[in-house]
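Student: Below are the structure tokens for one structure; questions will follow.
There are 2 protein chains.
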Amino acid sequence: MLDCAIIGGGPAGLTAGLYTTRGGLNKVVMFEKGMPGGQITMSSEIENYPGVTGHISGMDLMIPWPEQCQRFGLKHEMSEVTRVSRREDGVFTIQKSDGSMDEAKSVIVCTGSTPKRAGFTGEDTFFGRGVSTCATCDGFFYKNKEVAVIGGGDTALEEALYLAKICTKVYLIHRRDSFRSAPNTIERVKNTANIELVLNAIPEEVVGDAMGVTGIRVVFNDATTRHIDVPGVFVFVGNNVNNQVLMQEDGSFLCEMTPWGEVKVDLSMKTSVPGLYAAGDMRAEAPKQVVCAAGDGAVAALQAIAYADGHH
Amino acid sequence: MLDCAIIGGGPAGLTAGLYTTRGGLNKVVMFEKGMPGGQITMSSEIENYPGVTGHISGMDLMIPWPEQCQRFGLKHEMSEVTRVSRREDGVFTIQKSDGSMDEAKSVIVCTGSTPKRAGFTGEDTFFGRGVSTCATCDGFFYKNKEVAVIGGGDTALEEALYLAKICTKVYLIHRRDSFRSAPNTIERVKNTANIELVLNAIPEEVVGDAMGVTGIRVVFNDATTRHIDVPGVFVFVGNNVNNQVLMQEDGSFLCEMTPWGEVKVDLSMKTSVPGLYAAGDMRAEAPKQVVCAAGDGAVAALQAIAYADGHH
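Chain order of the listed sequences is A and B. Take any residue in the first sequence, count from 1 to its spot, add 234: that is its number in my numbering. Take any residue in the second sequence, count from 1 to its spot, add 234: that is its number in my numbering.
As structure tokens, this is what we get:
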């Protein structure tokens with residue numbers, strides 16, 4: 235029986251591992267089928283993790299994290315978790331893809347979320363080298379430069395407004411001629427002088443060189459095309475929350491979720507189920523920043539420790 | 235008119251400064267009368283800030299933070315803020331102890347909280363070198379050692395339980411013979427084999443040498459004394475929230491507070507007042523960890539940016 239099972243090995247999971255083990259829980263396993271570190275390891279540069287300066291990549295940032303946790307006894311199991319359930323006696327079961335199962339007193343789920351790709355040529359090749367899905371993370375790298383934003387929903391428009399304060403110009407590329415967003419957000423976008431709307435347009439290809447992106451080619455509804463010179467392309471066409479592990483056999487979720495599939499939490503990262511915590515990008519209102527995910531992981535861990543304490 | 239005024243220069247304030255400036259707000263001032271860095275700079279060692287490893291002090295940890303922010307344009311003003319108010323037009327006023335005033339579109343308050351001292355001899359001298367007010371931070375340094383806990387309230391008992399999982403023994407020193415805490419917390423403390431209750435006892439002096447604390451002398455109600463050999467003493471006798479800047483002329487607070495004087499916030503660090511955010515140890519349910527305060531600061535900053543965007 236584990237004291238705590240941590241599902242996912244990004245910044246939230248690693249910090250949860252650091253705090254649970256350092257807080258005296260003896261049997262803690264972090265389940266992560268790949269290398270720990272999370273999505274940030276795909277970023278070529280990160281400069282907004284507080285206290286870590288200099289030109290470092292997301293991979294560089296995350297290198298010390300697993301070792302820091304393992305020093306306090308965190309175990310990393312390279313398994314894929316398929317389902318987390320809770321028995322009537324309050325014990326959690328962790329089902330894995332190899333058919334085996336673990337039991338745990340408490341569970342911290344931090345499986346993150348995955349931004350959808352728009353599907354244009356070059357998107358994967360240049361991801362992290364000019365193609366980004368996070369304005370907060372990468373916008374500043376294009377200060378006083380021009381960028382393109384792909385999408386027409388709330389997030390795309392809000393991120394375009396964010397980028398417009400940093401960049402000289404934002405091309406907002408959307409496949410329709412109207413936006414699916416709050417009216418006053420649309421109004422603000424239309425009133426922002428350095429946002430150019432590129433409507434009825436589908437991104438076809440991002441082009442670039444060894445240094446990264448140099449431009450994007452879009453094709454319009456009338457089959458004409460346009461090339462836009464930009465060193466940065468931001469894609470906001472939706473987000474998949476990695477919540478599959480919480481889905482039960484009958485299709486319901488183990489705990490309360492938002493309409494967007496994120497886990498509902500309070501300030502302590504408690505879910506609607508006692509002993510179950512969520513942390514990082516999969517939880518409601520997640521700011522999707524490394525330092526925030528890490529903070530979540532610490533809070534959830536402190537709760538899991540107190541919970542295990544009362545249930546042994 | 236400032237885009238954002240940040241009150242306080244600990245991990246929350248510095249991270250708020252990093253994210254607001256990097257997010258394109260041009261006029262951001264962090265008001266901090268002393269050196270930036272916050273309370274953690276008094277700790278002789280920190281090993282639970284994710285990604286930063288090795289034997290480093292709290293001061294070492296915080297050294298790169300101000301420079302990281304200033305690179306993006308954050309200004310640090312060494313002033314003492316006495317009051318934050320909000321005019322009818324929605325503009326915030328920042329009153330300072332020298333009588334001058336600033337105006338700001340948004341405000342992030344992160345003035346922290348100050349653990350109370352118990353008042354025994356040697357408490358200040360050995361603070362950060364054996365005397366601590368944070369079990370989560372410093373408990374692990376006493377793994378498989380004995381420690382003393384001073385206090386009889388909820389926090390003292392919960393922290394004693396936390397320490398009991400790490401340390402071989404916890405002496406719980408309390409001036410009365412009963413505790414002011416939840417009945418089941420008291421029950422758990424009494425049922426924990428390695429917690430020894432030292433009741434009707436007042437700590438008189440912490441003694442030590444150049445390496446740190448070696449023991450504590452307590453005096454009982456009947457005037458007898460006892461010396462306890464411990465390398466660590468944890469003091470939990472209350473907490474002062476540094477909320478004075480939010481107090482208005484009529485004695486009311488600018489925004490909604492908890493009964494304990496902490497600022498009520500939601501997951502986005504929004505207070506009850508539009509444009510006013512709280513971050514770090516002064517907000518409700520704060521876990522009082524550097525990484526959590528930093529995460530708060532980032533979230534509050536992203537909100538302040540979006541708010542300024544809609545109010546210019």
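All C-beta atoms, glycine included, are put in the ideal place defined by N, C-alpha and C.
Residue 502 of chain B versus chain A: which residues are under 7 Å apart at the beta carbon?
Tutor: Per Cβ cutoff of 7 Å: 519.
Student: Classify residue 301 of chain A: buried if its beta carbon has 16 or more other beta carbons within 10 angstroms, exposed otherwise.
Tutor: Its Cβ having fewer than 16 others within 10 Å, residue 301 of chain A is exposed.
Student: What's the gap between the Cα of residue 532 of chain A and the Cα of residue 514 of chain B?
Tutor: Roughly 14 Å separates the two Cα atoms.
Student: Run through the DSSP bridge pairs and tell me what residue 443 of chain B is partnered with.
Tutor: DSSP, once it has assigned bridges, lists B:446 as partnering residue 443 of chain B.
Student: Would you call the CB atoms of residue 379 of chain B and residue 401 of chain B closer than 7 Å?
Tutor: Yes, Cβ-Cβ distance for residue 379 of chain B and residue 401 of chain B is below 7 Å.
Student: What's the gap between the Cα of residue 494 of chain A and the Cα of residue 474 of chain A?
Tutor: In a straight line, the C-alpha of residue 494 of chain A is about 9 Å away from that of residue 474 of chain A.
Student: For residue 335 of chain A, count neighbouring C-beta atoms within 10 Å of its own C-beta (all shown protein chains included) and say buried if the count is 16 or more, exposed if not.
Tutor: With fewer than 16 Cβ atoms within 10 Å of its Cβ, residue 335 of chain A is classed as exposed.
Student: Are there three or more Cβ pairs, one per stretch, closer than 8 Å when the segment 534 to 545 of chain A is compared with the segment 500 to 513 of chain A?
Tutor: As far as the Cβ criterion goes, the segment 534 to 545 of chain A touches the segment 500 to 513 of chain A, which means the pair count is three or higher.
Student: Closer than 8 Å, Cβ to Cβ, to anything on chain B: give me those residues from the segment 363 to 384 of chain A, in chain order.
Tutor: Cβ contacts with chain B come from 370, 373, 374.
Student: Could you say which of B:293, B:460, B:319 lies nearest to residue 484 of chain B if we only look at CA atoms?
Tutor: Checking every option, the nearest Cα to that of residue 484 of chain B belongs to B:319.
Student: I'd like the span of the beta strand (DSSP E) that includes residue 327 of chain A, first residue to last.
Tutor: 326 to 330 is the extent of the beta strand (DSSP E) around residue 327 of chain A.
Student: Taking residue 284 of chain A as the reference, which of A:536, A:537, A:535, A:524 has the closest Cα?
Tutor: Of the listed residues, the one whose Cα sits closest to residue 284 of chain A is A:524.
Student: Provide the residue span of the beta strand (DSSP E) that contains residue 320 of chain B, from first to last.
Tutor: Here the beta strand (DSSP E) through residue 320 of chain B covers 315 to 320.
Student: Which chain B residues are close to residue 526 of chain A, counting only those with a beta carbon under 7 Å from its beta carbon?
Tutor: Near residue 526 of chain A (Cβ distances below 7 Å), the residues of chain B are 529, 532, 533.
Student: According to DSSP, what are the bridge partners of residue 403 of chain B?
Tutor: Its beta-bridge partners are B:380.
Student: Do the CB positions of residue 471 of chain A and residue 450 of chain A come within less than 7 Å of each other?
Tutor: Contact flag unset, no.
Student: Give me, in chain order, the residues of the same chain whose beta-carbon lies closer than 7 Å to that of residue 361 of chain B; leave out the 5 immediate sequence neighbours on both sides.
Tutor: Hits under 7 Å: 276.
Student: For chain B, is any of its Cβ atoms less than 7 Å away from the one on residue 459 of chain A?
Tutor: Not one chain B Cβ lies under 7 Å of residue 459 of chain A.
Student: Closer than 8 Å by beta-carbon distance: list the chain B residues that pair up with residue 301 of chain A, in chain order.
Tutor: Under the 8 Å cutoff, chain B gives 287.
Student: Per DSSP, what kind of secondary structure is residue 427 of chain A in: helix, strand or coil?
Tutor: Coil.
Student: Where does residue 375 of chain A fall in DSSP's three states?
Tutor: Three-state result, residue 375 of chain A: helix.
Student: Would you verify that the beta carbon of residue 546 of chain A is, or is not, closer than 7 Å to some beta carbon of chain B?
Tutor: Confidence is the limiting factor: at residue 546 of chain A the pLDDT is only 46, short of 50, which leaves the residue's position unreliable, though a coordinate-based value still follows. By this cut-off, residue 546 of chain A is not an interface position.
Student: Hey, which unbroken runs of the beta strand (DSSP E) at 3 residues or more fall wholly within the segment 237 to 315 of chain B?
Tutor: Those beta strand (DSSP E) runs which fall completely within the segment 237 to 315 of chain B and span 3+ residues are 262 to 265, 309 to 311.
Student: Can a CB atom of chain A be found closer than 7 Å to the CB of residue 395 of chain B?
Tutor: Residue 395 of chain B counts as touching chain A.
Student: For residue 477 of chain B, count the other beta carbons within 10 Å of its own beta carbon; 16 or more makes it buried, fewer makes it exposed. Which is it?
Tutor: Per the 10 Å Cβ criterion, buried.
Student: What number of angstroms, rounded off, separates the C-alpha of residue 435 of chain A from the C-alpha of residue 368 of chain B?
Tutor: If you take the alpha carbons of residue 435 of chain A and residue 368 of chain B, they lie about 56 Å apart.
Student: Can you tell which of A:280, A:299, A:298, A:348 has its C-alpha closest to the C-alpha of residue 291 of chain A?
Tutor: If we check each option's Cα against that of residue 291 of chain A, A:280 comes out closest.
Student: Any idea what DSSP makes of residue 510 of chain B, helix, strand or coil?
Tutor: In this structure, residue 510 of chain B counts as strand in the three-state DSSP scheme.
Student: Can a CB atom of chain A be found closer than 7 Å to the CB of residue 294 of chain B?
Tutor: Not one chain A Cβ lies under 7 Å of residue 294 of chain B.
Student: Roughly how many angstroms lie between the CA atoms of residue 377 of chain A and residue 305 of chain B, to the nearest whole one?
Tutor: Spanning the two alpha carbons is a distance of roughly 13 Å.
Student: Using CA coordinates, which residue listed in A:462, A:269, A:350, A:522 is at the minimum distance from residue 382 of chain A?
Tutor: Checking every option, the nearest Cα to that of residue 382 of chain A belongs to A:462.
Student: Have a look at residue 237 of chain A and residue 270 of chain A and give me their C-alpha separation to the nearest angstrom.
Tutor: When rounded, the distance between both Cα atoms is 21 Å.
Student: Show which residues of chain B have a CB atom less than 9 Å away from the CB atom of residue 523 of chain A.
Tutor: Near residue 523 of chain A (Cβ distances below 9 Å), the residues of chain B are 253, 529, 532, 533, 536.
Student: Going straight from the alpha carbon of residue 490 of chain B to that of residue 498 of chain B, what length do you get?
Tutor: For residue 490 of chain B and residue 498 of chain B, the distance between alpha carbons rounds to 6 Å.
Student: Please list the partners that residue 456 of chain B has in chain A, where partner means a Cβ-to-Cβ separation under 7 Å.
Tutor: What residue 456 of chain B touches in chain A: nothing, since even the nearest Cβ is about 34 Å away.
Student: Nearest CA to the CA of residue 427 of chain A: which residue from A:274, A:441, A:403?
Tutor: Residue A:403 is the option with its Cα nearest to residue 427 of chain A.
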